[in-house]
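S.K.: Structure in structure tokens, see below.
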Amino acid sequence: MLLAIGSVAIMGAALGGLLGAAAKLLAVEENPLEVELLGMLPGAQCGQCGYVGCGQYAAALAKGEASITACAPGGKPVIEALAKKLGVTADMDDHEEESLQYAVVDESLCIGCMRCLGECSVDAIVGAAKQMHTVIKQECHGCKKCFNICPTEAIKMVTVPVTLSSWHWHKPQSDQAVH
Amino acid sequence: MSVSIEKSGPFGHAQSSVSKTMSTVLVALLPATLFNVWLFGWPALLMFLITVGACIAFEAGCLAWQDRPVKSALFDGSATLTGWLLAMSLPPWTPWWIGVLGAFLAIVLAKHIYGGLGQNVFNPAMVGRVGLLVSFPVQMTAFVPPKPLFTDGAPSLIDSLGMVFGGGLSNMDSISAASALGHIKTELTKGVPVSESLPQVFDLTSMLTGMHIGSFGETSAILILLGGLFLIWRGVISWHTPVGLMGTLFVCAQISHMAAPERFASGTFHLLAGATFLGAFFIATDYVTSPISKKGQLVYGMGCGFLIWVIRCFAGYPEGVAFAVLLMNALTPVIDHHVRPRTFGRNSKGEPLSVKGDGK
Amino acid sequence: MKLFPIRGGIHPEYRKERTAEKAIVSFPTPAMLYIPLQQHIGAPAEAVVQAGDLVKKGQLLAKGVGAVSAPSHAPTSGSIEAVAEITAPHPSGLPQLTIVLKADGKDEWASDLPAPIADPFAASPDEIRARVAWAGIVGLGGAAFPTPVKLNLGAQLKIHTLLLNGAECEPYLTCDDRVMREYAGEVLDGARIMAHTLGAGRIVIAIEDNKPEAQRIMRDATKAFANIEVIGVPVQYPMGSERHLTQAITGLETPARKLTADLGVVVHNVMTARAVHKAVREGKPLLSRVVTVSGGAVQDPKNIEALIGTKLSELVGFCGGLAKDARRFVNGGPMMGQPLPGLDVPLVKGMSGILALTSAEVNERPSSPCIRCGTCVTICPCGLVPVEMAAVIRKDHLDQAAHLGVMDCVSCGSCSYICPSHIPLVHYFNYAKGMLNAQDREKRRLDRVKHLAEARNERLEKAAAAKKAAAAAAAAAKKAAAEAASTSTADNRPSA
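What follows is the structure, encoded as structure tokens:
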């Protein structure tokens with residue numbers, strides 16, 4: 000009896016000590032899930048998700064505080080990847096796939112206040128104080144930050160047009176089961 | 000003028016359709032069916048019409064209930080074919096409710112619960128047959144010796160109506176007989192070796208022509224073979240499933256027969272007895288529940304053949320086609336997943352081929 | 000010669016008899032010509048003329064941009080009316096930049112055309128390639144891939160065979176057939192020039208067995224050459240697919256994501272060979288092509304040699320117009336051709352057929368559930384499982400579709416053609432390919448955005464660090480100055 004209690008107690012103490020030591024020795028500084036999630040995000044730092052940047056959004060996701068459908072530039076592929084990683088079902092219904100846009104500066108309205116330059120996360124706006132600003136179309140990723148901050152509403156968002164090279168067939172309109 | 004560009008090519012289509020495929024199968028079944036109607040008389044014809052009619056009615060009901068187009072789906076012929084095959088696998092003289100219940104099991108339970116045409120996992124006709132067999136073993140094993148139409152002893156139409164719809168079939172015991180497979184199994188349980196019981200029921204000529212006891216549509220090996228060859232010629236089915244099934248069954252049976260003739264019947268007997276031919280050409284080849292690739296169909300056919308032999312020789316039931324087909328149905332997705340054609344330019348693992356040839 | 004079997008395939012209704020015996024007729028120069036800037040795979044050409052310019056026949060209108068592109072030349076003399084957005088002969092019905100040329104009726108050639116290359120076999124491959132590139136030649140079988148790029152393959156790889164594709168496996172089309180019959184000499188000469196450019200010792204001309212007359216004429220024409228063979232290939236769609244034809248002739252299977260050139264075989268269309276002949280021997284750019292105008296709705300189907308840029312409505316009008324209601328207008332053959340938004344679009348270089356098909360010919364029906372008959376698996380020439388791919392694409396599981404090999408599909412259309420349930424399988428695959436390509440582009444774009452964002456962060460950090468350093472330096476300097484001042488005062492005090 001005593002022997003049994005004693006041996007179990009010793010085993011418990013030894014294993015518990017081992018676990019405690021392991022927790023200390025093998026401790027991970029960062030949440031590994033967070034790092035992995037961050038890798039899946041586009042990294043545009045656009046802030047359209049409502050967080051300051053991709054890192055903060057990843058942290059919120061890891062804690063289960065943020066919706067996985069919040070990333071606009073990532074679109075459906077990112078939502079699917081996040082859903083798979085986090086083991087949740089993606090509710091695509093509340094996610095509207097927006098067509099890609101880019102910002103254009105109306106030359107007659109721009110007062111050269113430089114506010115948009117500070118907002119742009121990809122340095123796609125060029126200009127100097129009191130000078131007309133302009134957007135480099137190829138670099139703009141349509142995050143709308145400049146659009147929102149412009150005091151004179153000189154910035155318009157324009158949908159990137161479908162061209163012969165970007166056009167592709169839509170999904171067949173068919174109600175019938177295929178398989 | 001309505002020119003439309005909403006659809007990608009091709010802009011042309013073969014003159015093929017689901018209903019055409021189904022009607023080809025029905026045409027192939029016709030010789031054996033007509034022969035067996037003659038062989039088993041009015042009660043069999045009534046049973047056949049009841050079963051097919053009930054299947055069509057259940058199909059229409061299910062479609063209407065789901066708000067799906069009834070007319071187009073009914074004309075595709077799939078429900079008719081299911082009913083037809085179910086009827087062919089039932090004993091020729093059965094009360095009306097056997098056919099109706101079988102149709103319910105086949106169409107509602109096995110087909111529409113899974114989502115209708117193309118969605119079902121298990122062969123509907125065989126689900127119907129097996130459901131009936133395990134629920135009503137007496138009625139489902141009450142076979143009658145052939146009583147051809149317009150011969151002495153064949154029941155008239157009026158008698159038959161009474162038999163099928165009234166209680167006329169309740170005293171079947173007095174006229175019923177066992178099928179060849181059933182006879183051997185019963186005798187074996189009594190301790191009579193196969194080598195003794197087999198000659199009592201095995202007559203090559205009658206089994207080929209179909210003049211013997213069995214389910215409504217399965218007796219005539221020659222006419223079913225004819226229908227099967229017609230289907231292969233028309234390109235509706237390929238040889239893979241039938242050859243895989245019959246080849247494996249024959250080989251297994253023949254080897255065991257040579258090893259222990261008093262315990263196992265010969266390969267030839269297994270091929271001609273029961274529903275082997277019907278199963279090989281018409282039941283195991285069901286598109287929806289069998290693998291889609293030719294290689295897969297060969298594997299599937301071989302699996303069916305092996306299971307038929309195992310069930311017939313070792314299980315409680317004398318006949319194994321329906322069980323074997325249902326068991327292999329369950330494996331169809333697995334076979335489809337693992338047995339697939341090799342993609343052009345890739346090896347069987349899906350990796351691009353390496354450049355060899357004399358290009359350098 | 001022993002041929003090698005190809006997997007699957009179908010035997011559609013060919014309906015070639017409508018035009019097969021009709022000799023090529025020339026369409027007179029129309030009053031207006033519309034020359035789109037993108038008539039080829041690759042980057043669109045760039046217009047070098049503007050409205051009001053007067054141009055001569057053969058003068059450069061648009062120059063190629065980048066490595067994969069092709070220039071366009073004035074099909075006749077006249078004045079440039081506009082460079083404007085005009086509906087493209089494309090299923091999207093989208094507009095594209097098009098040069099509008101008003102013919103002056105004089106058909107005067109430009110004076111600065113290059114001289115014919117008298118002996119191309121003495122010329123360097125580079126000289127021939129430059130000439131072909133100048134002429135704006137693209138694959139005339141339908142793919143419209145710039146020919147000089149394909150002729151350049153000999154520079155990187157050892158090419159042993161030029162495979163001249165005269166299979167013409169698409170139903171209705173007979174333009175390759177007619178070109179082989181009527182211009183055998185030009186086709187052959189072009190092929191020899193191309194083989195010389197590629198460094199290929201052997202030329203094989205493959206013609207499907209439903210064109211016995213073309214086979215006979217090409218055989219007669221090639222008698223004098225020991226290294227040229229005319230091979231009849233079985234009538235089996237899609238025999239004209241580059242990879243499948245290569246396999247049928249050589250037995251070699253082109254690995255996925257590789258070219259037939261990696262096996263030492265380059266495939267060119269017969270009409271392309273004729274265009275090369277004209278560019279090299281006559282110094283003429285590609286200004287016209289032979290096109291089959293057919294289909295049940297066309298009154299009098301024909302093979303027409305017409306200038307690039309001619310409106311299709313004029314060509315159909317030349318064939319007596321439409322006798323019946325057309326359900327579909329198709330650019331190319333019915334199997335792999337693209338639907339046209341209408342006939343108010345111009346003839347482009349890659350257009351091998353203009354079909355006006357009746358609803359009976361198209362035989363469209365609403366799709367019904369798949370019965371898993373497996374015919375699509377049996378006939379797929381690429382060894383794919385179309386039914387499975389369509390099922391996952393229907394649920395938008397595009398990554399699974401990619402895993403099942405949708406990108407290996409050549410869109411030959413056989414599975415859709417044969418499906419008893421009329422499921423638009425190829426449409427599903429085209430959709431999936433388009434989406435996967437778009438996702439790929441999107442991924443590249445996001446990578447670039449990420450790169451830019453990181454660059455900005457780095458810049459901001461650097462700026463902040465610099466600012467901090469500057470502030471620290473300033474503070475230090477201030478402190479130092481203050482200290483210096485205090486020390487100096489301290490030092491100075493005694494001395495003061």
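For the protein sequence lines, the chains are A, B and C, in the order given.
So that you can map any letter, position 50 of the first sequence is 49 in numbering that gives the first Met the number 0, and since no number is skipped, the others follow by simple counting.
So that you can map any letter, position 335 of the second sequence is 334 in numbering that gives the first Met the number 0, and since no number is skipped, the others follow by simple counting.
So that you can map any letter, position 337 of the third sequence is 336 in numbering that gives the first Met the number 0, and since no number is skipped, the others follow by simple counting.
Ideal placement from N, C-alpha and C gives every residue a C-beta, glycine not left out.
(1) What are the complete alpha helix (DSSP H) segments, minimum 4 residues, inside the segment 300–336 of chain B?
(2) Sorted by chain position, which residues of the same chain lie with C-beta nearer than 8 Å to Leu314/C's C-beta, five sequence neighbours on each side aside?
(3) Spell out the partners DSSP gives Val448/C in its beta bridges.
(4) In terms of alpha-carbon separation, which member of Phe281/B, Val107/B, Gly216/B and Cys303/B lies closest to Cys54/B?
(5) Can a CB atom of chain C be found closer than 8 Å to the CB of His178/A?
(6) Under 9 Å Cβ-Cβ, which residues of chain C neighbour Val161/A?
(7) When burial is assigned at 16 or more other CB atoms within 10 Å of the CB, is Trp308/B buried or exposed?
(8) So, do the segment 232–247 of chain C and the segment 257–269 of chain C have three or more beta carbon pairs nearer to each other than 8 Å?
(9) Starting from the beta carbon of Lys170/A, find every residue of chain C whose beta carbon is closer than 7 Å, and list them in chain order.
(10) If you draw a straight line from the alpha carbon of Asp106/C to that of Ser76/C, how long is it in whole angstroms?
(11) With a threshold of 8 Å between beta carbons, is Gln38/C in contact with chain A?
(12) Run through DSSP, which three-state label would His267/C get?
(13) For the alpha helix (DSSP H) holding Arg215/C, just list the boundary residues, first then last.
(14) Determine the burial state of Ile154/A: buried for a count of at least 16 other Cβ atoms within 10 Å of its Cβ, exposed for fewer.
(15) Please state whether the Cβ-Cβ distance between Ala20/A and Gly49/A is less than 8 Å.
(16) In chain B, what lies closer than 9 Å to Gly189/C by C-beta?
(17) Below 7 Å CB to CB, which residues in the same chain sit around Ala166/C once its five sequence neighbours on both sides are set aside?
(18) Who are Ile34/C's beta bridge partners in DSSP?
(19) When you compare only the Cα positions, how much space is there between Asp175/C and Pro171/A?
(20) Give me the Cβ distance between Ser415/C and Val405/C, rounded to the nearest whole Å; I'm assuming they're in contact under 8 Å.
(21) Looking only at its chain, what residues have a beta carbon closer than 7 Å to the beta carbon of Ala105/B, apart from the 5 residues adjacent to it on each side?
(22) For His72/C, which residues from the same chain have a beta carbon less than 7 Å from its beta carbon, with the 5 sequence-adjacent residues on both sides left out?
(23) Quick one: using the 10 Å Cβ neighbour count with 16 as the cut-off for buried, is Gly8/C buried or exposed?
(24) With the cut-off set at 8 Å, would you say Ala143/C and Lys348/C are in Cβ contact?
(25) Who are Val203/C's beta bridge partners in DSSP?
(26) Less than 8 Å between the C-beta atoms of Leu150/C and Val131/C, yes or no?
(27) Looking at the structure shown, is Asn330/C part of a helix, part of a strand, or coil, going by DSSP?
(28) Pair every Cβ in the segment 386–405 of chain C with every Cβ in the segment 135–147 of chain A, then say whether three or more of these pairs are closer than 8 Å.
(29) Would you kindly work out how many angstroms separate the C-alpha atoms of Ser1/B and Arg326/C, rounded to a whole number?
(30) Anything in the segment 111–131 of chain A with a Cβ closer than 9 Å to a Cβ of chain C? List those residues in chain order, please.
(31) If you reduce the DSSP assignment to three classes, tell me which class Phe363/B lands in.
(32) For Thr284/B, return the contacting residues in chain C, with the cut-off set at a CB-CB distance below 7 Å.
(33) Apply the 10 Å Cβ neighbour rule to Lys359/B and answer buried if 16 or more other Cβ atoms are within range, or exposed otherwise.
(34) With a 10 Å radius around its C-beta and 16 neighbouring C-beta atoms as the bar for buried, classify Glu16/C as buried or exposed.
(35) Out of curiosity, what's the CA-to-CA distance linking His10/C and Val137/C?
(36) Provide the residue(s) that pair with Lys62/C in DSSP beta bridges, ordered along the chain.
M.R.: On the basis of the supplied data:
(1) The DSSP assignment places no complete run of the alpha helix (DSSP H) inside the segment 300–336 of chain B (cut-off: 4 residues).
(2) Phe26, Val290, Val292, Ile303, Ala305, Leu346 and Ile353
(3) According to DSSP, which records beta bridges pairwise, Val448/C is partnered with nothing at all.
(4) Of the candidates Phe281/B, Val107/B, Gly216/B and Cys303/B, the one whose C-alpha sits nearest the C-alpha of Cys54/B is Val107/B.
(5) Because the pLDDT of His178/A is 39, which lies under 50, any placement of that residue in the model is unreliable, and the number read from its coordinates should be weighed accordingly. It does; some Cβ of chain C falls within 8 Å.
(6) Ser91 and Leu93
(7) buried
(8) yes
(9) Tyr430
(10) 5 Å
(11) no
(12) strand
(13) Pro211 to Thr221
(14) buried
(15) Ala20/A places its beta carbon 8 Å or farther from that of Gly49/A.
(16) In chain B, no part has a C-beta under 9 Å from the C-beta of Gly189/C; the shortest such distance is about 24 Å.
(17) Only residues of its own chain outside the window of five on either side were considered, and among them Ala205, Ile206, Glu207, Val232, Met238, Gly239 and Leu244 have a CB closer than 7 Å to the CB of Ala166/C, listed in chain order.
(18) Ile98/C
(19) 33 Å
(20) Their Cβ separation, rounded to whole angstroms, is 14 Å, which puts Ser415/C and Val405/C out of contact at 8 Å.
(21) Leaving aside the five residues that flank Ala105/B on each side, the residues in its chain whose CB is nearer than 7 Å to its CB run, in chain order, Cys54, Thr81, Leu85, Pro123, Ala124, Val126 and Gly127.
(22) Gly57, Gln58, Leu59, Leu60, Gly135, Pro284 and Leu286
(23) buried
(24) yes
(25) Leu162/C and Glu228/C
(26) yes
(27) strand
(28) no
(29) The predicted position of Ser1/B is uncertain, since its pLDDT is 45 and thus under 50; a value taken from the coordinates is nonetheless stated next. Using only the alpha carbons, I get a separation of about 6 Å.
(30) Cys119, Ser120, Val121, Asp122 and Ala123
(31) Absent from the structure is residue 363/B, since the part of chain B shown begins at 0 and ends at 359.
(32) Correct list: empty, because the minimum Cβ distance to chain C is about 10 Å.
(33) Per-residue confidence for Lys359/B stands at a pLDDT of 37, beneath the threshold of 50, marking its modelled position as unreliable; no derived number is given.
(34) exposed
(35) 29 Å
(36) Glu45/C
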